[in-house]
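Residue 121 in full-length UniProt numbering sits at position 121 of the sequence shown, with consecutive numbering throughout. Ideal Cβ positions, reconstructed from N, Cα and C, are used throughout, including at glycine. Here the structure is a predicted model, which is why all the values come from computation and not from measurement.
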Amino acid sequence: MLEDRAFSISRDYSTTPREPDWAHISYTNKRPPDDGEEAPARKSPKPDRLDSSSLIPAIGRDNSINCLLRCSRADYQSLSSLNTSFRNLIHSGELYRLRRLHGVIEHWIYFSCQLLEWEAFDPTRRRWLRLPRMDPNDCFPYADKESLAVGTDLLVFGRDLTSHAVYRYSLLTNEWSPGTSMLEPRCLFGSASFGSSAIVAGGCDSSGNVLQSAEIYDSETGFWRRLPDMNRARKMCSGVFMDGKFYVVGGVGMGSEILTCAEEFDPATGVWRELPEMSPVRAHDETLPVPVTSEAPPLVAVVGDELYAADYAAMELEWRRAFVPGKHEFMVMALHMEKEISVW
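Okay, here's the thing in structure tokens:
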């Protein structure tokens, strides 16, 4: 970073004191002082005021922002302490909006392995960052929770004493605060994020009713907006964004029906489309007295606009199935884990 530097210039005219040669001093069209008359006091020049809006004065505001766009967001908290201009720019969210416009993408992974404690992993620098500890009400820590990272927010969903609750971590301020509740609070939903937006679909309301409604969250405004309903009600489903569309996969429908279909939502048209046999088959043994609701939702992830699903029934990552959007089918591919990997 460039900083303002004060230059001190030393001039050694002579080691012997000498009287000033007034004839060689310009007074800007003013007469020189007569003998015995004191010279007028010279005003010290006022230091130039730096334009705080330029961030790094030597290169200007636009170039300063271009430099900041390419810095790791892990450094933004330190940079915000340099001066007010840096702090206002980072805390306003404008820098993150410009990063998205310029295609600067930096993915972090958030983990919570202990109550109320979260850590973020930066894959680029391969280092962990500890988030501030959550400070919810007394009931929230002991309720089932779901999380969703979107834009500059990390949302944690759970319950307090009487209703659903949402807590929001802001990357801009590095603080937790109460989040905005959904228009139709729910749990056991499918969700995914894309840029500054996230979609939640399905789930259960506080009375246990299976939902077919969906909502979209805008992290820049902090508000929810209702979307058209899905074709089927479902809970314990998974959600992904792929090829610019949102997919809700599998889950449990009305009457504890195991769903192998999925639904595709196109944000451009606002239309849901059902896709048969898209979800990996759940290895549920009907002879065992274990309810389907005790099983995990489909374990899916998107890599390169292809959907991969893990077979968790054997408690190992042995198979993966890649979903090709144009064909709407899964291809079985072998993938064996060679060793256990710890995140700590």
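query = For W22, is the classification buried or exposed, using 16 other Cβ atoms within 10 angstroms of its Cβ as the cut-off for buried?
reply = Position 22 of the sequence shown, counted from the first residue, corresponds to residue 22. At W22 the pLDDT is 37, less than 50, meaning the model places this residue with poor confidence and gives no usable figure here.
query = Once you ignore the five residues that flank M182 on each side, which residues in its own chain have a CB closer than 6 Å to its CB?
reply = The residue you call residue 182 lines up with position 182 of the sequence shown. Closer than 6 Å at the Cβ level, and outside the excluded window around M182, lie E215, W224.
request  = Under the assumption that P132 contacts N174 (Cβ atoms under 8 Å), give the Cβ distance between them as a whole number of angstroms.
outcome  = For the purposes of this step, residue 132 is identified with residue 132 of the sequence shown, where counting begins at 1. For the purposes of this step, residue 174 is identified with residue 174 of the sequence shown, where counting begins at 1. With 8 Å as the limit, P132 and N174 qualify as a contact, their Cβ atoms being about 6 Å apart.
task = Just grab the DSSP bridge partners of Y169 for me.
result = Taking the first residue of the sequence shown as 1, we reach residue 169 at position 169. The partner list for Y169 (beta bridge, DSSP) reads L154, W176.
ask   = Cα separation between F194 and C139?
value = On the sequence shown, position 194 is the one that residue 194 refers to. On the sequence shown, position 139 is the one that residue 139 refers to. Approximately 31 Å between the Cα atoms of the pair.
query = Helix, strand or coil for R130 per DSSP?
reply = Reading the sequence shown from its first residue, position 130 is the one you call residue 130. R130 carries a strand assignment under DSSP once its states are collapsed to helix, strand and coil.
message = Could you compute how far the alpha carbon of D62 sits from the alpha carbon of V302?
response = Along the sequence shown, one-based indexing puts residue 62 at 62. Along the sequence shown, one-based indexing puts residue 302 at 302. For D62 and V302, the distance between alpha carbons rounds to 35 Å.
query = Where does D266 land, buried or exposed, given buried means 16+ other C-beta within 10 angstroms?
reply = Locating residue 266 in the sequence shown gives position 266, where the first residue counts as 1. Counting every other CB atom within 10 Å of its CB across the protein chains shown gives D266 a total below 16, marking it as exposed.
P298, buried or exposed, once every other Cβ within 10 Å from all chains shown has been counted against 16 = Taking the first residue of the sequence shown as position 1, residue 298 is located at position 298. Label assigned to P298: buried.
query = Excluding sequence positions up to five away, which residues of its chain have a Cβ less than 8 Å from the Cβ of P178?
reply = In the sequence shown, counting from the first residue as 1, residue 178 sits at position 178. Taken in chain order, the residues that qualify are A165, V166, Y167, R168.
ask   = Run through DSSP, which three-state label would F189 get?
value = For the purposes of this step, residue 189 is taken as residue 189 along the sequence shown, with counting starting at 1. F189: coil per DSSP, three-state reduction.
ask   = What are the start and end residues of the beta strand (DSSP E) that includes I109?
value = Start at 1 with the first residue of the sequence shown, and residue 109 comes out as number 109. For I109, the enclosing beta strand (DSSP E) starts and ends at 109 to 114.
message = Along the chain, where does the beta strand (DSSP E) containing G239 start, and where does it finish?
response = The residue you call residue 239 lines up with position 239 of the sequence shown. Looking at the DSSP string, the run of the beta strand (DSSP E) that includes G239 is 238 to 242.
inquiry  = I want to know whether the region 243 to 250 touches the region 262 to 276 - three or more CB-CB distances under 8 Å.
reply    = With contact defined as three or more Cβ pairs closer than 8 Å, the region 243 to 250 and the region 262 to 276 are in contact.
request  = Check whether the Cβ atoms of residue 346 and E146 sit closer than 9 Å, and answer yes or no.
outcome  = No information on residue 346 is available, as it lies outside the stretch 1 to 344 that the chain covers here.
request  = Alpha carbon to alpha carbon, how far is T84 from L275? Give it in angstroms, no decimals.
outcome  = Here residue 275 refers to the residue found at position 275 of the sequence shown. Here residue 84 refers to the residue found at position 84 of the sequence shown. Those two C-alpha atoms are separated by around 52 Å.
Chain-order list of residues whose beta-carbon lies under 7 Å from that of A143 (same chain, five-residue window excluded) = Locating residue 143 in the sequence shown gives position 143, where the first residue counts as 1. Within the same chain, Cβ atoms closer than 7 Å to the Cβ of A143 are found at G158, R159, the five residues on either side in sequence being excluded.
Alpha-carbon to alpha-carbon, G239 and T96 = For the purposes of this step, residue 96 is identified with residue 96 of the sequence shown, where counting begins at 1. For the purposes of this step, residue 239 is identified with residue 239 of the sequence shown, where counting begins at 1. One point to set straight first is that residue 96 is Tyr, not Thr, in the sequence displayed. Approximately 24 Å, taken between the alpha carbons.
message = Applying the 10 Å Cβ sphere with the 16-neighbour rule, what's the burial state of G202?
response = Counting from 1 along the sequence shown, the entry for residue 202 is found at position 202. Buried, by the Cβ-count rule.
message = Mapping the DSSP letters down to three states, classify E184 as helix, strand or coil.
response = The residue labelled residue 184 in the question sits at position 184 within the sequence shown. The answer is coil: DSSP assigns E184 none of H, G, I, E or B.
task = Using alpha carbons as the reference points, say which of S78, L98, S80, I258 lies closest to E220.
result = For the purposes of this step, residue 220 is taken as residue 220 along the sequence shown, with counting starting at 1. Looking from the CA of E220, the closest CA among S78, L98, S80, I258 belongs to L98.
message = Given a cut-off of 9 Å on the beta-carbon distance, is the pair V210 and G253 in contact?
response = Within the sequence shown, the letter at position 210 stands for residue 210. Within the sequence shown, the letter at position 253 stands for residue 253. Yes, the pair counts as a contact, with Cβ atoms nearer than the cut-off.
query = Between which two residues does the alpha helix (DSSP H) harbouring I90 extend?
reply = Sequence index remark: in the sequence shown, residue 90 carries index 90 (1-based). I90 -> alpha helix (DSSP H) spans 84 to 92.
query = How big is the Cα-Cα spacing for S197 and C237?
reply = As a working note, residue 197 is residue 197 in the sequence shown. As a working note, residue 237 is residue 237 in the sequence shown. Distance between the alpha carbons of S197 and C237: 19 Å.
task = Apply the 10 Å Cβ neighbour rule to A58 and answer buried if 16 or more other Cβ atoms are within range, or exposed otherwise.
result = By 1-based counting over the sequence shown, the position of residue 58 is 58. Classification of A58: exposed, given that the 10 Å Cβ count is below 16.
ask   = What is the DSSP secondary structure of C139, reduced to helix, strand or coil?
value = Position 139 of the sequence shown, counted from the start, is the residue given in the question as residue 139. It is coil, neither helix nor strand.
key: Rounded straight-line distance, which links the Cα of L79 to that of L116   = Here residue 116 is taken as the residue at index 116 of the sequence shown, counted from 1. Here residue 79 is taken as the residue at index 79 of the sequence shown, counted from 1. Distance between the alpha carbons of L116 and L79 is about 27 Å.
ask   = Exposed or buried, what is V271 when buried is set at 16 or more other beta-carbons lying within 10 Å of its beta-carbon?
value = In the sequence shown, the residue the question calls residue 271 occupies position 271. Its Cβ having fewer than 16 others within 10 Å, V271 is exposed.
key: Host alpha helix (DSSP H) of D218 (start-end)   = One-based indexing of the sequence shown puts residue 218 at position 218. Looking at the DSSP string, D218 is not in any alpha helix (DSSP H); the run it does join, the beta strand (DSSP E), is 214 to 218.
query = Do you know offhand how far Y110's Cα is from L148's?
reply = For the purposes of this step, residue 110 is identified with residue 110 of the sequence shown, where counting begins at 1. For the purposes of this step, residue 148 is identified with residue 148 of the sequence shown, where counting begins at 1. Separation of Y110 and L148 (C-alpha to C-alpha, rounded to the nearest whole angstrom) is 9 Å.
message = I need the straight-line Cα distance from P185 to N66, nearest angstrom please.
response = Counted from its first residue, the sequence shown places residue 185 at position 185. Counted from its first residue, the sequence shown places residue 66 at position 66. Distance between the alpha carbons of P185 and N66: 40 Å.
task = Take L129 and list the residues in its own chain whose beta-carbon comes closer than 6 Å to its own, dropping the five residues that flank it on each side.
result = Your numbering for residue 129 matches position 129 in the sequence shown. For L129, where only same-chain residues beyond five positions count, the Cβ hits under 6 Å are A120.
ask   = Do L55 and L68 have their C-beta atoms closer together than 9 Å?
value = The residue labelled residue 55 in the question sits at position 55 within the sequence shown. The residue labelled residue 68 in the question sits at position 68 within the sequence shown. Contact flag set, yes.
message = Looking at the secondary structure, which residues open and close the alpha helix (DSSP H) in which L259 lies?
response = Along the sequence shown, one-based indexing puts residue 259 at 259. From DSSP, L259 is part of no alpha helix (DSSP H); its letter is neither H nor E.
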